[in-house]
Amino acid sequence: YTAEILAQQSELDEKNSKLSSQDEQLDKQKKLLAELAAQLKEQQASLDEKTSLLATQQKKIDNIIGVKAGVIEALQKEFSKNNVSVDIDAQTGALTLNANVLFDYDKSELTDEGKQELADILPIYCKVLLQKDYKKYLAEIIIDGYTDTDGDYDYNLELSQKRSLAVAQYLTEIRENFLSSDLLDIQGNFLDSTQSANLQNYLTVNGHSMANPVLDADGNVDKDASRRVEVKFRLKDDEMINELNQIMNTDKTSDSEKSGSN
């Protein structure tokens, strides 16, 4: 009987030891669980903050996209009202002018025909952008010059810069040029003196040489179409939108890679 009691006591001691060990493990798990709960709470707070920020940024994006769409629609309506046929990109609002009309081949001086075309088109384009509803959002009006792919890059760079500068200079002086000439029947589309002064604060001129040539349906360079001047606008928050789009695209790419690795 004594031996049996001793055996049971030994078994009980062993169970108590295991129980003690399990209690110790349980305490560690509780501590770990508490740490995980704290981390989860911190992550949730961070997620709530990011969600709020994203909602704010999305609202800004929607607003800017709405403004840009409104500007493009206003441009299209204004040109249509004046019976002026132009090539405006429906997504960006960029206006493409044919350099073969504006300039003689390999020249940077505007032709009379080119001056007439600029007088018919650019004041309308800029007046819309300088309207009260859109001016507060406007960051830049950009004039980009491009050449075809013939010749030397540096030479074409200088030529494209001179051409875009010639367009910009003529635009800022267009009212005076045409009021003192017989080239145009005045129709009230010119910028007034205040608008002309404001315009100079927004204008940016670039030359791109033979970069971004226009391709035909077969993928070959269309040299005539590549010789061009593009006029476009940039809104104040466009950079923010581009950065957010890059972040979103990066996140999508990362999620896609993760899905692929699984």
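Mapping to the working numbering: the sequence shown position 48 is 43, numbers consecutive. Cβ atoms here follow ideal geometry from the backbone N, Cα and C, with glycine treated the same way.
By the Cβ test, the segment 82 to 102 is not in contact with the segment 186 to 201, since fewer than three Cβ pairs between them sit closer than 8 Å. If the five residues before and after T144 are omitted, its C-beta is found closer than 8 Å to the C-beta atoms of M205, P208, V216, K218 and S221, all from its own chain and listed in chain order. Pairing D57 with R229, the inter-Cα distance amounts to about 16 Å.
As the crow flies, the alpha-carbon of G109 is around 9 Å from that of L92.
Relative to the Cα of V123, the nearest Cα in the group V66, T106, E168 and S155 belongs to V66. Note on geometry: alpha-carbon atoms of D8 and A32 lie some 35 Å from one another. By the neighbour-count definition (other C-beta atoms within 10 Å, threshold 16), Y141 is a buried residue. Judged by DSSP secondary structure, L90 falls within the beta strand (DSSP E) whose first and last residues are L90 to N93. Per DSSP, the unbroken alpha helix (DSSP H) holding V66 starts and ends at T(-3) to K76. Pairwise C-beta distances place the segment 117 to 137 in contact with the segment 65 to 80, as three or more of them are shorter than 8 Å. In the three-state reduction of the DSSP assignment, R158 falls in the helix class. Residue pairing from DSSP places N201 in a beta bridge opposite D139.
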